[in-house]
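Respectively, the protein sequence lines represent chains A and B.
In terms of the working numbering, the first sequence is residues 1 to 126.
In terms of the working numbering, the second sequence is residues 1001 to 1126.
Don't be surprised by glycine CBs; every beta carbon is placed ideally from N, CA and C.
This one's a predicted model, so the numbers in the text were calculated from it and none came from an experiment.
The structure appears below as structure tokens.
Number of protein chains: 2
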Amino acid sequence: MDTPPRPTRTDVFLNYKIWLSGLTGNGQIQPEAFSLLENIRNSGTLKAAADAADMSYRKAWGIITDAEEILGYSLLEKHRGGKDGGNSTVTPAAIKLLEAYQALQQRFDESVEKAFEEFVQRVNKQ
Amino acid sequence: MDTPPRPTRTDVFLNYKIWLSGLTGNGQIQPEAFSLLENIRNSGTLKAAADAADMSYRKAWGIITDAEEILGYSLLEKHRGGKDGGNSTVTPAAIKLLEAYQALQQRFDESVEKAFEEFVQRVNKQ
DNA sequence: ATACGTTATGCAAATATATGCATATCGCAA
DNA sequence: TTGCGATATGCATATATTTGCATAACGTAT
Chain A
1 MDTPPRPTRT DVFLNYKIWL SGLTGNGQIQ PEAFSLLENI RNSGTLKAAA
51 DAADMSYRKA WGIITDAEEI LGYSLLEKHR GGKDGGNSTV TPAAIKLLEA
101 YQALQQRFDE SVEKAFEEFV QRVNKQ
Chain B
1001 MDTPPRPTRT DVFLNYKIWL SGLTGNGQIQ PEAFSLLENI RNSGTLKAAA
1051 DAADMSYRKA WGIITDAEEI LGYSLLEKHR GGKDGGNSTV TPAAIKLLEA
1101 YQALQQRFDE SVEKAFEEFV QRVNKQ
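What follows is the structure, given as structure tokens:
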């Protein structure tokens, strides 16, 4: 969920976390929501995604529904019952959001990389 | 402590938090540590800085000493007693760290600005 | 000696978060 | 009509974090 710490000569690490939230500010879309969506895309069920993330179904379900509430639209089309007991498919809107988030994440990583290098330079100077 | 939320057409905000930690990973230098240092530079006391930050002395003291423990060196030269009851001065090492952090923070802000703009573009596309 | 204001710190109590148990619903298939 | 496996969700419990009370030490000035 958070970045792995980055070492410096000063024995200090830089960590960061990004997350999306709604208008009100209370309630946030956990980063895990996106890894779950990613997994559901392949596995087809929230349960499988939860298991893969070593997380209880209850928790995974909460993360997704919280996110949906904040966003105001559905991330999953959920189906109960049926041959396999049920399944979930990721909505087009969710896919768009997911891909935008992944790009954001990557860009963020790069930015942090550079910013932190400068930081280390400064702290270690002379 | 965290960034103010940023609005998008999708009614989603981006928030982020950065912090420094020590080698072990447990224990972190709160962003507040730096604003406290900044204030102590002017006011000369931790108490004044705590008051200015609308934070209990106990909490401010904890943030600073935690940071010192993680870093392995002193951020403040603290003096008890005396004419004014006591005072604290920011060490040279702390000033260096503070300034590097402030630069990091600023660079980070700019990066996030751009990354988030791209995110909004993507999410809102077509 | 006493008072004052700051630093110093343990620790109990209050809050906030997280965890997961328990139970229900659903729809197909045997 | 019974079983299965996934979705659905309240709620009690557990865990973590925060808060701040209480108390002490310190050094100058009166």
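Enclosing beta strand (DSSP E) for residue i [first to last residue]
i, result
"residue 90 of chain A", "86 to 90"
"residue 1078 of chain B", "1076 to 1080"
"residue 16 of chain A", "13 to 21"
Closest residue to residue i among the options (Cα-Cα distance)
i, options, result
"residue 1060 of chain B", "B:1074, B:1035, B:1072, B:1080", "B:1035"
"residue 1042 of chain B", "B:1088, B:1104, B:1012", "B:1088"
"residue 1099 of chain B", "A:39, A:97, A:125, A:84", "A:125"
"residue 73 of chain A", "A:11, A:47, A:120, A:96", "A:96"
"residue 1028 of chain B", "B:1063, B:1106, B:1051, B:1016", "B:1063"
"residue 1116 of chain B", "A:101, A:71, A:122", "A:101"
"residue 1069 of chain B", "B:1033, B:1040, B:1121", "B:1033"
"residue 1103 of chain B", "A:107, A:119, A:104, A:106", "A:119"
"residue 1075 of chain B", "B:1051, B:1106, B:1046", "B:1046"
"residue 85 of chain A", "A:44, A:38, A:53", "A:44"
"residue 54 of chain A", "A:39, A:65, A:66, A:106", "A:39"
"residue 67 of chain A", "A:50, A:81, A:30", "A:30"
"residue 123 of chain A", "B:1048, B:1065, B:1071", "B:1071"
Listed by chain order, chain B residues near residue i by CB distance under 7 Å
i, result
"residue 51 of chain A", "Ordered by position in chain B, no residue passes the 7 Å Cβ test against residue 51 of chain A, which lies about 26 Å from the chain."
"residue 36 of chain A", "Residues of chain B passing the Cβ test: none, with the nearest at roughly 17 Å."
"residue 41 of chain A", "The premise fails here: residue 41 of chain A is roughly 17 Å from chain B at the closest Cβ pair, so nothing lies under 7 Å."
"residue 17 of chain A", "1016, 1017"
Contact set between residue i and chain B, taken where Cβ atoms lie within less than 8 Å
i, result
"residue 48 of chain A", "Chain B residues near residue 48 of chain A: none, gap ~27 Å exceeds 8 Å."
"residue 22 of chain A", "1011, 1012, 1013"
Partner residues on chain B for residue i, Cβ-Cβ distance less than 9 Å
i, result
"residue 104 of chain A", "1014, 1115, 1116, 1118, 1119, 1122"
"residue 111 of chain A", "1107, 1108, 1110, 1111, 1112, 1114, 1115"
Continuous alpha helix (DSSP H) stretch holding residue i: start and end
i, result
"residue 1043 of chain B", "1031 to 1043"
"residue 125 of chain A", "Run containing residue 125 of chain A: none; DSSP gives neither H nor E here."
"residue 1062 of chain B", "1057 to 1071"
"residue 51 of chain A", "46 to 52"
Contact set between residue i and chain A, taken where Cβ atoms lie within less than 8 Å
i, result
"residue 1099 of chain B", "122"
Contact set between residue i and chain A, taken where Cβ atoms lie within less than 9 Å
i, result
"residue 1083 of chain B", "Under the 9 Å cutoff, chain A gives no residues; its nearest Cβ is about 35 Å from residue 1083 of chain B."
- Query: Counting pairs of beta carbons, one from the segment 1078 to 1096 of chain B and one from the segment 1108 to 1118 of chain B, are three or more of them closer than 8 Å?
  - Reply: no
- Query: Using a Cβ cut-off of 9 Å, which residues of the segment 1055 to 1081 of chain B contact any Cβ in chain A, in chain order?
  - Reply: 1070, 1071, 1072
- the segment 11 to 23 of chain A / the segment 1008 to 1022 of chain B touching (three or more Cβ pairs under 8 Å): yes
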